[in-house]
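Top to bottom, those sequences are chains A and B. 368 is the number that our numbering gives the last residue of the first sequence; the numbers go up by one with no jumps. 1245 is the number that our numbering gives the last residue of the second sequence; the numbers go up by one with no jumps. The next block holds one structure in the form of structure tokens; read it before the comments.
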Amino acid sequence: MIRFESITKAYPDGTVAVNGLDLEAPTGKLTILVGPSGCGKTTSLRMINRLIEPTSGTIYLDDQPTSGMDAALLRRRIGYVIQHAGLFPHRTIVDNIATMPLLLGESRQKARHRALELMERVGLPETFANRYPWQLSGGQQQRVGVARALASDPAFMLMDEPFSAVDPVVRAQLQEEFLRLQREIGKTIIMVTHDIDEALKLGDQVAVMRVGGKLAQMATPSELLTSPADEFVADFVGRDRGYRSLGFTAAAGSVAVGEEWTVQLGASAAEAQAKATGAWVLVVDAGRRPLGWAQPEQVHGELRKEHLNLSGTSAQASGTMRQLLDAALSSPSRRGVVVNEHGELLGTVTATDVVKAIEAEPHLETAR
Amino acid sequence: MINYLFDPAHWSGADGIPTLIGEHLIYSLIALAIAAVIAVPLGIYIGVTGKGVFMIAGLANALRALPSVGLLILLVLLISPAFPSKMGYILPSLIVLVLLAVPPILTNTYAGVRAVDAAAVDAARGMGFRTMKILTDVQLPCSLPLMLSGVRSALLQIISTATIAAYISLGGLGRLLIDGKAQNDYSQMVAGAVLVALLALFFDQLLAFITRRVVSPGLTRRTVKATLPSGEVIPSETAKTPTAV
Ligand SMILES: Nc1ncnc2c1ncn2[C@@H]1O[C@H](COP(=O)(O)OP(=O)(O)OP(=O)(O)O)[C@@H](O)[C@H]1O
Ligand SMILES: [Mg+2]
């Protein structure tokens, strides 16, 4: 657990970056600090490992005040990931990752072994081991940064905008992998971001800060969306928060899934016509996994790949209302494809069905 | 010139070519060592702390504009009365050479330390490196390429300028230039100039070689053969943006 007790930081020039901050990051959870630029997120984070000393107040690490600890020894207990990775340019990837174990007195061989293990863990191929940082892309460097922070298996991690230096596609991928990793390792993490979507996607709890370094609200992502504390939080969380809060509402059984006739590739135009509901027919493979929608009237001869419309998303029955609604809205037939956890077709839903289920739900149940 | 160089008589004795080269090298290397001992720690200190940055530009430019022969004669006048022996001449020569070599080493060391990626230093501190370890493990290895290129240009300057020792009747390859001039022996003068040039070239290559050995390929972005931990050798991609050492 990391706890802030009325922490204030005033820089020598008079800027009050953090003002009377009380905060608790529970053990094993991912706590996110989010807020507009300059609201004191980085300052707050760096006060934890004492790269910045608070002006007043106390920070506790598992109930011990950090102020009395040797700063270097304190930092060795806390994994630290910075924005642009900050890799050592003169060391190979494997040596970069082995930094912390070596610092803590592990043998070279053990440290390297551990580093190779971590490379696999964060999805870096073994062939990168003896490359240098300049030979890696930004996203790959970011992974090395995460691996390096994990190498000493610290109980705590601090991450300052770890995914901001990469493009949206890579960012989403890194976020997914990181969530999976955190589910396995369950570290006490404080992560800084200015991207509210990232905060809502990753955080077990989210602390929204306002300029001037004050805490505006500390809540779970779904609470932030459904009951923002004030106008500032509501604005910051965003306009389509109603729709996005559906992302935290479990669908589990509350929406009736209708039966859908299907055809396979190679079917005749006549068969496709017979199986179609309205203008569209759903095409699946031999394992009943949905491939896409087709319009029988455009099929001459047999149904082939190029007849498929791929615009529809598919939702898992165990997913969220948002996924179900999106499946319905994105489908050309307006019938959303629902699958089981193996990706096999269960049936389809309409937007009307989903909305009815949402309206029937008096209080929103969170998916996690 | 060829005749002069290939005359066996010139390759032996107290004023033979080997002796002159030896003297030349001793002056040069002692001066380089003293300059490095002064300039490297100073450059690191200024680079790391940011204190005394004004010295870099001011001192370096002032020393660069130094008239070496004039200064040498001034120093001899000041110093030689205090030292009865040959020391009274050697010391002034060394001082001039050291003063020439300090600016390139100082400015490059400073620039090298400044150029170290601030994020890497921040990460090191954040991981619990103490100040000394940050210096030895991150700042120094990363500033090595620039520092060594400063040493390289300092050594070139020293070797070519060490000829001035002959002005005040000391040894070194400058002898061939001064004596050749006095005797109107052009082949001797040219031989001296060529030997100085060869010596400079040799040491330049030597330092380039040392630089390649001690500077991490991660900094020079040289393409190296990478070995897998299993021992298997794989060629790494070619460098996209090769930078000179
Ligand atoms: N060393 C410093 N001296 C003076 N003021 C500073 C210093 N570092 C930060 N500040 C100021 O303190 C405030 C908070 O800065 P901080 O870096 O913590 O913001 P942040 O929330 O991380 O912002 P961003 O999202 O842009 O990274 C800002 O107004 C900033 O200008
Ligand atoms: Mg910041």
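We treat Cβ as the ideally placed atom computed from N, Cα and C, and that holds for glycine.
If you draw a straight line from the Cα of A:Thr15 to the Cα of A:Val211, it is about 11 Å long.
Straight across, the Cα-Cα distance linking A:Ala279 with A:Glu177 is about 39 Å. Taken in chain order, the complete alpha helix (DSSP H) segments of 4 or more residues contained in the region 94 to 156 of chain A are 99 to 103, 108 to 121 and 138 to 150. Comparing alpha carbon positions, the residue from A:Leu104, A:Arg322 and A:Gly35 closest to A:Ala250 is A:Arg322.
Between A:Gly57 and A:Thr8, the CB-CB gap stays under 8 Å. When secondary structure is reduced to three states using DSSP, B:Glu1023 falls in the helix class.
With a 10 Å radius around the Cβ and a threshold of 16 neighbouring Cβ atoms, A:Phe163 comes out buried. Of the heavy atoms belonging to ligand 1, at least one sits nearer than 7 Å to the Cβ of A:Ala17.
Per DSSP, the unbroken beta strand (DSSP E) holding A:Val281 starts and ends at Val281 to Val284. The beta carbons of A:Ala317 and A:Leu346 sit closer together than 8 Å. Closest in alpha carbon position to B:Ile1017, among B:Leu1029, B:Tyr1027, B:Ser1028 and B:Tyr1004, is B:Tyr1004. Look at A:Leu246 here: in three-state DSSP terms it is helix.
Fewer than three beta-carbon pairs drawn from the region 108 to 122 of chain A and the region 63 to 73 of chain A are found closer than 8 Å, and the two stretches are therefore not classed as touching.
Annotation for A:Thr42 indicates a beta carbon within 7 Å of some heavy atom of ligand 2. Contact of B:Met1055 with chain A is not assigned, every C-beta pair being separated by 8 Å or more. For the pair A:Ala165 and A:His90, the CB atoms are not nearer than the 8 Å cut-off.
The region 1168 to 1213 of chain B contains, as complete alpha helix (DSSP H) runs of 4+ residues, the segments 1174 to 1182 (chain order).
Along the region 82 to 101 of chain A, the positions whose C-beta sits under 8 Å from a C-beta of chain B are Ile82, Gln83, His84, Ala85, Gly86, Leu87, Phe88, Pro89, His90, Arg91, Thr92, Val94, Thr99 and Met100, read in chain order. Taking a contact as a CB-CB distance under 8 Å, the pair A:Gln205 and A:Lys29 counts as one, their CB atoms being some 7 Å apart. Interface annotation for the region 1198 to 1226 of chain B against chain A: Ser1216, Pro1217, Gly1218, Leu1219, Arg1221 and Ala1226, criterion Cβ-Cβ distance under 7 Å. In the three-state scheme derived from DSSP, where H, G and I count as helix and E and B as strand, B:Val1069 is classed as helix. When rounded, the separation of the alpha-carbon atoms in A:Val354 and A:Leu246 is 11 Å.
By the C-beta density criterion, A:Ala360 is exposed, having fewer than 16 other C-beta atoms within 10 angstroms.
In the three-state reduction of the DSSP assignment, A:Met218 falls in the strand class. The straight-line gap separating the alpha-carbon atoms of A:Gly292 and A:Ser311 is approximately 8 Å.
In the DSSP assignment, the residues bridged to A:Val206 are A:Ile32 and A:Ala219.
Measuring C-alpha to C-alpha distances from A:Val263 to each of A:Leu303, A:Val257 and A:Phe236 identifies A:Leu303 as the nearest. Under the 8 Å criterion on CB atoms, A:Tyr60 is classed as non-interfacial with respect to chain B. Shown here for B:Ile1044: same chain residues with a beta carbon closer than 7 Å to its own, the five before and five after excluded, namely Thr1109 and Val1113 in chain order. With its beta carbon at least 8 Å from every one in chain A, B:Gly1047 lies outside the interface. Within the same chain, Val1138 and Cys1142 come within 8 Å of B:Ala1120 by CB-CB distance, once the 5 residues on both sides are set aside.
Assigned with DSSP and collapsed to three states, A:Ile82 falls in coil, not helix or strand. Taking 8 Å as the upper bound for CB-CB distance, A:Leu215 and A:Arg241 are not in contact here, some 20 Å apart.
In this structure, DSSP gives A:Tyr11 a state outside helix and strand, which the three-state scheme calls coil.
Ligand 1 approaches A:Ser37 closely enough that one of its heavy atoms is under 7 Å from the residue's Cβ.
According to the DSSP assignment, A:Glu24 belongs to the beta strand (DSSP E) that extends over Val16 to Ala25.
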